[in-house]
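Asks: Numbering (the numbering used here), first residue to last: 1 to 524.
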Ligand code: MSP
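(1) Whole angstroms are fine: how far does the CA of residue 186 sit from the CA of residue 4?
(2) Considering only the beta carbon of each residue, do residue 475 and residue 331 sit closer than 8 Å?
(3) Mapping the DSSP letters down to three states, classify residue 497 as helix, strand or coil.
(4) Looking at the unbroken beta strand (DSSP E) that takes in residue 269, where does it start and where does it end?
(5) Can residue 341 and residue 419 be called in contact, C-beta distance under 8 Å?
(6) With a threshold of 8 Å on Cβ separation, who are the neighbours of residue 318 within its own chain once the five nearest residues in sequence on each side are excluded?
(7) According to DSSP, residue 300 sits in a beta bridge with which residue or residues?
(8) Rank 273, 289, 295 by C-alpha distance to the C-alpha of residue 258 and give the top, closest one.
(9) Look at the alpha carbon of residue 456 and the alpha carbon of residue 50, and state the distance between them as a whole number of angstroms.
(10) Are the region 168–187 and the region 134–149 touching by the rule of at least three beta carbon pairs closer than 8 Å?
(11) Rounded to whole angstroms, what's the CA-CA distance from residue 276 to residue 133? Just pull it up for me.
(12) Would you report the Cα separation of residue 503 and residue 482, rounded to the nearest angstrom?
(13) Could you please give the first and the last residue of the uninterrupted alpha helix (DSSP H) stretch that includes residue 378?
(14) Does the region 106–119 come close enough to the region 205–222 that 3 or more CB-CB pairs lie under 8 Å?
(15) From residue 162 to residue 232, what does the alpha carbon distance come to, in whole angstroms?
(16) May I ask whether a heavy atom of the ligand MSP can be found less than 7 Å away from the beta carbon of residue 356?
(17) Would a C-beta distance cut-off of 8 Å place residue 58 and residue 21 closer than the cut-off?
(18) If the criterion is Cβ atoms closer than 8 Å, does the pair residue 13 and residue 267 meet it?
(19) What residue from 106, 478, 510, 229 has the CA that sits closest to residue 383's CA?
(20) What do you reckon, is the C-beta of residue 59 under 7 Å from a heavy atom of the ligand MSP?
(21) Hey, would you say residue 460 sits closer than 8 Å to residue 391, going by beta carbons?
(22) Indicate whether residue 490 and residue 467 have their beta-carbon atoms separated by less than 8 Å.
(23) Counting along the chain, where does the alpha helix (DSSP H) carrying residue 118 start and finish?
(24) Please list, in chain order, all residues of the same chain as residue 239 whose beta carbon is under 7 Å from its beta carbon, the five residues on each side excluded.
(25) Cβ atoms of residue 335 and residue 358: under 8 Å apart, would you say?
(26) For the alpha helix (DSSP H) containing residue 468, list its first residue and its last residue.
(27) According to DSSP, residue 132 sits in a beta bridge with which residue or residues?
(28) Sort 435, 44, 410, 520 by Cα distance to residue 423 and report the nearest one.
(29) Examine the Cβ distances between the region 189–199 and the region 165–173 and report whether three or more of them are shorter than 8 Å.
(30) Do three or more CB pairs link the region 427–439 to the region 365–383 at distances below 8 Å?
(31) Between residue 528 and residue 427, what straight-line distance do the alpha-carbon atoms span, to the nearest angstrom?
(32) Less than 8 Å between the CB atoms is what I'm expecting for residue 385 and residue 354, so what's the real figure, rounded?
(33) Got a sec, what are the start and stop residues for the alpha helix (DSSP H) residue 45 sits in?
(34) With respect to 7 Å, is the separation between the Cβ of residue 165 and the closest non-hydrogen atom of the ligand MSP below this value?
(35) Check whether the Cβ of residue 335 lies closer than 8 Å to any Cβ atom in chain B.
(36) For residue 389, is the beta carbon positioned less than 7 Å from some heavy atom of the ligand MSP?
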């Protein structure tokens, strides 16, 4: 209980990266965003105050080029594309508290305030720059970064000489290394922390934070030189702070609460491919601005194709989230995204894998337990929750069920949602086994109270599972709880004690909650 109390003082602020609006949302975007939504719902269930931010990255070369390709002014292009992101989150049951666009006036103003502060403090200087620029990455590389004449990412580079503005990032290298070493929770998982520390063994360059308008006009103007716009990453990273009131006098209290105060607990969830920008650029920017650093940067892995390859647009292997949603339903899809991959590792994505997971754990395991129990309660107990009992075998199941809540909580707090769901499924497996062993369909004919005890226990495990599944599948969980006769609002505390269901409460039968899904002909 101590842990629970401590946690509830924390203002848990979780963010996703802001996505480029050069293209439609794909499974990678959906993944980060659904995970963030689920983690925040769990923290809410555990009694914490939470804030969940997502949004879109609208400036820079990529977006400007995409708008040009469509023959649209960039702002109109962004208005349309950012709406696609909003719409898809709705379809995936994602409910962010805030949705930021980097073209929002308050954000632009915050970026300019940060630039001005750093310029006034001498943390930004002008210099002639010569380097290799990769348009696809929007990153400058030095000679020694190049691999076979190309960027380390494989992107084409061109030689460029121009005046630009630089942030004194190198000055913060030692302090950053110390921070990472002293705060093991700053970069997760562990092996990613080591990667960043490895990267920091080389001397850090200063960061070029401007682009001449002659080359790129779609960006936030540099307040002290109107011929330049801000480098898109410098602009984008600041979204996490501007979204909670950075540099907005009227929101000082909010900024203190969610970012800069003692209770603030900032979690950035992001993909492994954008860890360097988050783990090096962002904290050094914050140090220079005199602001607190986020508590944790968690770098998740990637969904790969069934052949273990990166999804690729040109090969046509990019998965569109709505296709999967339309096949299996939104909440089973969310379940899959959390369950079939270890947060931090890569995993394969394929429609058969989705069906296998959803059919075996939701349709067969959980779904069958529910439908068998409800039909027997209907048949022998007039559709009402029967009386509990205390057979030793029942008490074993009761103990396991009452321990599942804290197991789930521990797994979520240690960033293992996959395991959290595993604990719930283990409970369902145990309950199915219990049901098979006690065979209430036989008990009912010989010893009705014993059958009642068995069915009470089955419904009670389902009740606990329903509450614990609610962050992943809010609507299915609500329906499940209604069916087993639980009318109370969902609360974590109610998972910790066995015996919550009131005997006599009506249960509700209906179509299977998780119908089995077959592979469409074309994909079989
Ligand atoms: N705009 C930047 C982020 C700025 S944050 C201050 C950006 N945008 S993005 O549109 O490219 O989206 C990147 C996010 O999608 C990353 O978190 C990335 O890891 C994720 N994914 C893209 N493809 C992915 C998979 N195939 N699997 C999982 N996530 C992947 O970078």
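Cβ atoms here follow ideal geometry from the backbone N, Cα and C, with glycine treated the same way.
Replies: Taking the geometry as given:
(1) For residue 4, the predicted model reports a pLDDT of 43, less than 50, meaning its position is unreliable; a value from the coordinates is still stated below. Within the model, the alpha-carbon separation for residue 4 versus residue 186 is close to 22 Å.
(2) By the CB criterion at 8 Å, residue 475 and residue 331 fall inside the cutoff.
(3) It is coil, neither helix nor strand.
(4) For residue 269, the uninterrupted beta strand (DSSP E) segment begins and ends at 264–271.
(5) Cβ distance not < 8 Å, so residue 341 and residue 419 don't count as in contact.
(6) The beta carbon of residue 318 sits closer than 8 Å to those of 26, 27, 311, 312, all from its chain and outside the five residues before and after it, given in chain order.
(7) Per DSSP, 271.
(8) Looking only at 273, 289, 295, the smallest Cα-Cα distance to residue 258 is reached by 295.
(9) Their Cα atoms are separated by approximately 35 Å.
(10) Taking 8 Å as the limit for Cβ pairs, the verdict is that the region 134–149 does not touch the region 168–187.
(11) The alpha-carbon atoms of residue 276 and residue 133 are separated by roughly 17 Å.
(12) If I take the Cα positions, the gap works out to 14 Å.
(13) Looking at the DSSP string, the run of the alpha helix (DSSP H) that includes residue 378 is 368–381.
(14) Contact holds: three or more Cβ-Cβ distances are below 8 Å.
(15) Going by the C-alpha atoms only, they are around 17 Å apart.
(16) For the ligand MSP, not one heavy atom lies less than 7 Å from the Cβ of residue 356.
(17) Result yes, Cβ atoms of residue 58 and residue 21 sit closer than 8 Å.
(18) Yes, the Cβ-Cβ distance between residue 13 and residue 267 is below 8 Å.
(19) Scanning 106, 478, 510, 229 for the CA closest to the CA of residue 383 turns up 510.
(20) Every heavy atom of the ligand MSP is 7 Å or more from the Cβ of residue 59, so no.
(21) The answer is no: Cβ separation not under 8 Å.
(22) Taking 8 Å as the Cβ cut-off, residue 490 and residue 467 qualify as a contacting pair.
(23) Residue 118 -> alpha helix (DSSP H) spans 105–120.
(24) The answer, listed in chain order, is 18, 55, 100, 102, 107.
(25) Pairing residue 358 with residue 335 gives a Cβ-Cβ distance under 8 Å.
(26) For residue 468, the enclosing alpha helix (DSSP H) covers residues 448–469.
(27) Here residue 132 is bridged, per DSSP, to 141, 159.
(28) With distances taken between Cα atoms, residue 423 lies closest to 410.
(29) They do not touch, by the three-pair rule.
(30) By the Cβ criterion, the region 427–439 is in contact with the region 365–383, since at least three pairs of Cβ atoms, one from each stretch, lie closer than 8 Å.
(31) No answer is possible for residue 528: it lies beyond the span of the chain, which begins at 1 and ends at 524.
(32) With a Cβ gap of about 34 Å, residue 385 and residue 354 do not count as contacting.
(33) First-last of the alpha helix (DSSP H) with residue 45: 27–45.
(34) The closest heavy atom of the ligand MSP lies 7 Å or more from the beta carbon of residue 165.
(35) Among the chains in the structure shown there is no chain B, since it carries only a single protein chain.
(36) No, Cβ of residue 389 sits at least 7 Å from all heavy atoms of the ligand MSP.
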